[in-house]
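Taken in order, these protein sequences are the chains called A and D. According to the working numbering, the first sequence is numbered sequentially starting from 326. According to the working numbering, the second sequence is numbered sequentially starting from -8. Heads up, the beta-carbon is just placed ideally off N, CA and C, and yes, glycines get one too. Note that the structure is a prediction, hence the values are computed from the model and not measured. See below for the structure under consideration.
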Amino acid sequence: MGVVLRTERLTKRFERLTAVEDLDLEVHEGEVFGFLGPNGAGKTTTLRLLCALIAPTSGTAEVAGFRIGSEDEQIRASVGILTEQPGLYERLSAEQNLLFFAALFGLSPPVARRQTERYLRLMGLWDRRTETVATFSRGMKQKMAIARAAIHEPRIIFLDEPTTGLDPDAARTVREFIAKIRGEGRTVFLCTHNLDEADRLCDRIAFFRRTIIRIDTPARLRAELYGHATEFRILPSPRPEHLVKVQAVEGVKNAHLENGSIIVSSADPLLANPRIIRALVNAGAELAYVSDRKASLEDVYLKVVEGEDGG
Amino acid sequence: MTGYQGSLATTADRRTIVRAVCVREWREALGNRLLVGMTVFPPLVILAAGIAAVATAAIVPPSEKDVAALYAAAPALAGLDPKEAVQGIIATYFLILFMLIPTVVPLTIAIYSVIGEKSARTLEPLLAAPVRVGELLLAKSLASAIPAVVVTWIAYAIYLGSVGLLGSDAAVRAVTAPRWILAILIMVPLLTLLSVNLGILISTRVNDVRVAQQIGGLVVVPIVGIGILQVTGRVALNNESFVSTAAFLIVSDTVVFWLARIAFQRENILSRWR
């Protein structure tokens, strides 16, 4: 996969505040790239830098093959952005909103009409195309804003919190849309606080606070930070000697009690788990079930961010 | 699964972008009754009042006291039939108001066209499109100025017709004087553009519509003064001064537009507006 976005020591300062510092990043063609960080981490500023809306203080970036600073207009033509607020023209109809932006992106009238119909249908808004946007719900406006970001089929789509405030149905439509454009080989740069969403959609994730803290696939981040954990549920509840027996098993890195279970981390669960089961049965434990315990992305996120805080 | 076919975006014809923004501004404005009213109502009021005043002057003869005051104020009119002279003066005064309306009315619309977009959060998606600042401001300037100028021209045409039907020869001569026709056809658009561009310049730097309007109200006073001086003959509007005034206004329009373009900074607008 080719690199569609690359930054080198990209930095943005606002007077004394450094919003983005020495950002080094590579995003590949056709991937959904998650950009996660706490409030005020500089995510929106990064998005604005990458969409050539604001200029960097130092460093360089290449987006969709164009350099920031010297080819800003081409960058803006090659990307689509969903901003924090939908920012639609409320007195215009859904159709008029999209046709207007299609004209700005240089789409000919027939192509603009075709694309408008395509995206309104995709977002389930075709039947309401003539209604003014002011009458739309928050979720419908958000879907409209996503359609607007995609109307010119950009190579990269930047989405800033696309499902915030949406009902489950609208959120699912948006997630399906992201999966669809990824399937078309386009790149999605996803800023989100929704860790479950990032986990489900993203090929890679960057934890960000002014600069990149960690970057990898969700699975690798989990494995690296938590290892492979397995839950051994014992009835009625595990006794201290059960825990001692488990801790003595070869390959076990860590074991602790939690809500009637023993949680075990091991380097290779396929090797360690049969031994642990044998040890527990031999120790007289009533083993109810054994299940794989996947650390949530939230656990990973908190560990990384707290680690940065020195917590 | 369909593979990515590439971006559909092309380098849009710059005129297409300006036209698209203009049409969008008008569509939005048409949905805003207050803005439509502010554009149409003042010329209608001036028009109706002007026609009524000229008609009244034709019916009701002026008193001796009024005539004495008129000749004292305008000695050049001495010797004219008092009724004719009064109609001529009244018809001319209303033309002055026609000159003022398009410099004041579109100011609010121009100010709102930038601040309104900032507060509605529509500016960021717009700036994320491949639109140049100059094109955006030109479109906003034209979108504010064109309706005001057109409405004024229509009102002036109706006024001319009405004065021709109801007024005296002196009144007709006054309103069809080349000085006035040129003023309405050329000075009105130039003054309107100056007012609109000042409104846009202010709105790029100010966050609040009310503050912008207050500043705009002050800034527009010299423009109004220029118009009044020209049309009342305080400054003689002969061919030479007409050309020089028009040239001055063209330069002023260009300079103010250029200043607005410099003042309109994407970065400040996006990062400092909350």
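For A/LEU560, which residues in chain D fall below 7 Å Cβ to Cβ?
Counting from one through the first sequence, the residue named residue 560 of chain A turns up at place 235. Result: empty, since nearest Cβ-Cβ is about 48 Å, beyond 7 Å.
DSSP-derived helix/strand/coil call for A/ASP617
The residue you call residue 617 of chain A lines up with position 292 of the first sequence. If DSSP states are grouped into helix, strand and coil, A/ASP617 belongs with the strands.
Reduced DSSP secondary structure (H/G/I, E/B, other) of A/GLY609
By one-based count along the first sequence, residue 609 of chain A stands at place 284. Coil at A/GLY609, not helix or strand.
Three-state secondary structure (DSSP) of A/ALA554:
Along the first sequence, read from residue 1 onward, the residue named residue 554 of chain A stands at position 229. Strand.
For the alpha helix (DSSP H) containing D/GLY125, name the first residue and the last one.
Here residue 125 of chain D corresponds to residue number 134 of the second sequence, with the count starting at 1. Note, D/GLY125: alpha helix (DSSP H), 124 to 157.
Using CA coordinates, which residue listed in D/VAL77, D/VAL27 and D/LEU35 is at the minimum distance from D/ALA48?
As a position in the second sequence, residue 48 of chain D is number 57, starting the count at 1. Selected option, being the one with the closest Cα: D/VAL77.
Neighbour-count burial assignment, D/VAL242, 16 or more Cβ in a 10 Å radius
What you label residue 242 of chain D is simply residue 251 of the second sequence in a count that begins at 1. When all chains shown are included, D/VAL242 counts as exposed.
Our contact map puts A/THR637 next to A/ASP349 with C-beta atoms below 8 Å; I'd like the distance itself, whole angstroms only.
For residue 637 of chain A there is no data in the structure shown, the boundaries of chain A being 326 and 636.
Residues in its own chain within less than 7 Å of D/ASN188 by CB, not counting five upstream and five downstream?
Mapped onto the second sequence, residue 188 of chain D falls at position 197. These residues qualify, in order along the chain: SER132, ASP244, VAL247, PHE248 and ALA251.
Is it a yes or a no for the stretch 537 to 544 of chain A touching the stretch 560 to 571 of chain A, going by three-plus beta-carbon pairs under 8 Å?
no
C-beta contact flag for A/VAL515 and A/PHE358 at 8 Å:
Against the first sequence, residue 515 of chain A aligns to sequence position 190. Against the first sequence, residue 358 of chain A aligns to sequence position 33. Residue 515 of chain A is actually Leu in this sequence, not Val. Yes, Cβ-Cβ distance for A/LEU515 and A/PHE358 is below 8 Å.
How about A/ILE471 and A/PRO493: do their beta carbons lie closer than 8 Å?
Counted from its first residue, the first sequence places residue 471 of chain A at position 146. Counted from its first residue, the first sequence places residue 493 of chain A at position 168. No.
Which residue or residues does DSSP assign as beta-bridge partners of A/ILE540?
For the purposes of this step, residue 540 of chain A is taken as residue 215 along the first sequence, with counting starting at 1. DSSP lists A/ALA531 as the beta-bridge partner residues of A/ILE540.
Comparing C-alpha positions only, which one of A/ARG500, A/THR382 and A/GLU356 sits nearest to A/ALA344?
Within the first sequence, the letter at position 19 stands for residue 344 of chain A. The candidate whose alpha carbon is nearest that of A/ALA344 is A/THR382.
Of the residues A/MET448, A/ILE601, A/THR555 and A/LEU612, which one's Cα is nearest the Cα of A/PRO561?
In the first sequence, counting from the first residue as 1, residue 561 of chain A sits at position 236. For A/PRO561, the closest C-alpha among the options A/MET448, A/ILE601, A/THR555 and A/LEU612 is that of A/LEU612.
Answer yes or no: does any C-beta atom of chain A fall closer than 8 Å to that of D/ASN23?
Position 32 of the second sequence holds residue 23 of chain D. Closer than 8 Å: yes.
Within this structure, are the beta carbons of D/VAL200 and D/ILE106 separated by less than 8 Å?
Taking the second sequence and counting its residues from 1, one reaches residue 200 of chain D at position 209. Taking the second sequence and counting its residues from 1, one reaches residue 106 of chain D at position 115. In this structure, D/ILE106 lies closer than 8 Å to D/VAL200 by Cβ.
Sequence-distant residues of the same chain with beta carbon closer than 8 Å to A/MET469, five excluded per side
Within the first sequence, numbered from 1, the residue matching residue 469 of chain A stands at position 144. Correct list, in chain order: PRO411, LEU413, ALA419, ASN422, LEU423, MET448, LEU450, VAL458 and PHE461.
Of the listed residues A/PHE425, A/ARG535, A/ARG497 and A/THR371, nearest to A/LEU526 (C-alpha basis):
Within the first sequence, the letter at position 201 stands for residue 526 of chain A. Comparing C-alpha distances from A/LEU526 to each of A/PHE425, A/ARG535, A/ARG497 and A/THR371 shows the shortest one belongs to A/ARG497.
Alpha carbon to alpha carbon, what distance is there between A/LEU417 and A/THR455?
For the purposes of this step, residue 455 of chain A is identified with residue 130 of the first sequence, where counting begins at 1. For the purposes of this step, residue 417 of chain A is identified with residue 92 of the first sequence, where counting begins at 1. Between the C-alpha atoms of A/THR455 and A/LEU417 there is a straight-line separation of about 9 Å.
Please check if any C-beta of chain A sits within less than 8 Å of the C-beta of D/VAL345.
The structure shown does not extend to residue 345 of chain D, since chain D is modelled only from -8 to 265, so the question has no answer here.
Beta carbon proximity, A/PHE430 to chain D, threshold 8 Å:
Against the first sequence, residue 430 of chain A aligns to sequence position 105. A/PHE430 counts as touching chain D.
Closer than 8 Å at the beta carbon, the chain D residues around A/GLN410:
Counting from one through the first sequence, the residue named residue 410 of chain A turns up at place 85. Here the neighbours are ARG112 and GLU115.
Taking C-beta to C-beta, are D/GLY22 and D/ILE102 nearer than 8 Å?
In the second sequence, residue 22 of chain D corresponds to position 31, counting from 1. In the second sequence, residue 102 of chain D corresponds to position 111, counting from 1. In this structure, D/ILE102 does not lie closer than 8 Å to D/GLY22 by Cβ.
CB contact below 8 Å: A/PHE426 versus chain D
Reading the first sequence from its first residue, position 101 is the one you call residue 426 of chain A. Interface residue, yes.
Which residues, taken in chain order from the stretch 396 to 408 of chain A, show a beta carbon closer than 7 Å to some beta carbon of chain D?
GLU398, ARG401, ALA402, SER403, ILE406 and THR408
Which chain A residues are close to D/SER262, counting only those with a beta carbon under 7 Å from its beta carbon?
On the second sequence, residue 262 of chain D is found 271 positions in, with the first residue counted as 1. Near D/SER262 (Cβ distances below 7 Å), the residues of chain A are PHE339 and ILE379.
If you follow the beta strand (DSSP E) that A/THR512 is part of, which residue opens it and which one closes it?
Here residue 512 of chain A refers to the residue found at position 187 of the first sequence. Unbroken beta strand (DSSP E) run through A/THR512: 512 to 516.
For the alpha helix (DSSP H) containing D/PHE255, list its first residue and its last residue.
Working through the second sequence from its first residue, we reach residue 255 of chain D at position 264. Element bounds for D/PHE255: n/a, residue is neither H nor E.
So which residues of chain A does D/ALA11 contact, with C-beta pairs closer than 7 Å?
As a first step, residue 11 of chain D must be located in the second sequence, where it is residue number 20. Residues of chain A passing the Cβ test: PHE425, ALA428 and LEU429.
My guess is that A/VAL629 and A/ILE503 are in contact by the Cβ rule of under 8 Å, so how many angstroms apart are they, rounded?
To locate residue 629 of chain A, count along the first sequence from 1; it is residue 304. To locate residue 503 of chain A, count along the first sequence from 1; it is residue 178. Actually they do not touch by this definition, with Cβ atoms about 23 Å apart.
Please state whether the Cβ-Cβ distance between D/THR1 and A/GLY431 is less than 8 Å.
Translated into positions along the second sequence, residue 1 of chain D becomes position 10. Translated into positions along the first sequence, residue 431 of chain A becomes position 106. Yes, they are a contact pair.
Contact with chain D by A/CYS376, beta-carbon distance below 8 Å:
Looking up residue 376 of chain A in the first sequence gives position 51. Yes, A/CYS376 counts as interfacial toward chain D.
Excluding sequence positions up to five away, which residues of its chain have a Cβ less than 6 Å from the Cβ of A/GLU415?
Walking along the first sequence from the start, residue 415 of chain A turns up at place 90. Excluding residues up to 5 positions away in sequence, VAL458 and ALA459 lie with their Cβ nearer than 6 Å to the Cβ of A/GLU415 in the same chain.
What are the boundary residues of the alpha helix (DSSP H) that A/THR336 is part of?
Walking along the first sequence from the start, residue 336 of chain A turns up at place 11. Note, A/THR336: premise wrong, no alpha helix (DSSP H); beta strand (DSSP E) at 328 to 339.
6 Å CB neighbourhood of A/GLY362 in its chain, flanking five on each side removed
Within the first sequence, numbered from 1, the residue matching residue 362 of chain A stands at position 37. Contacts found: LYS368, PHE533 and ARG534.
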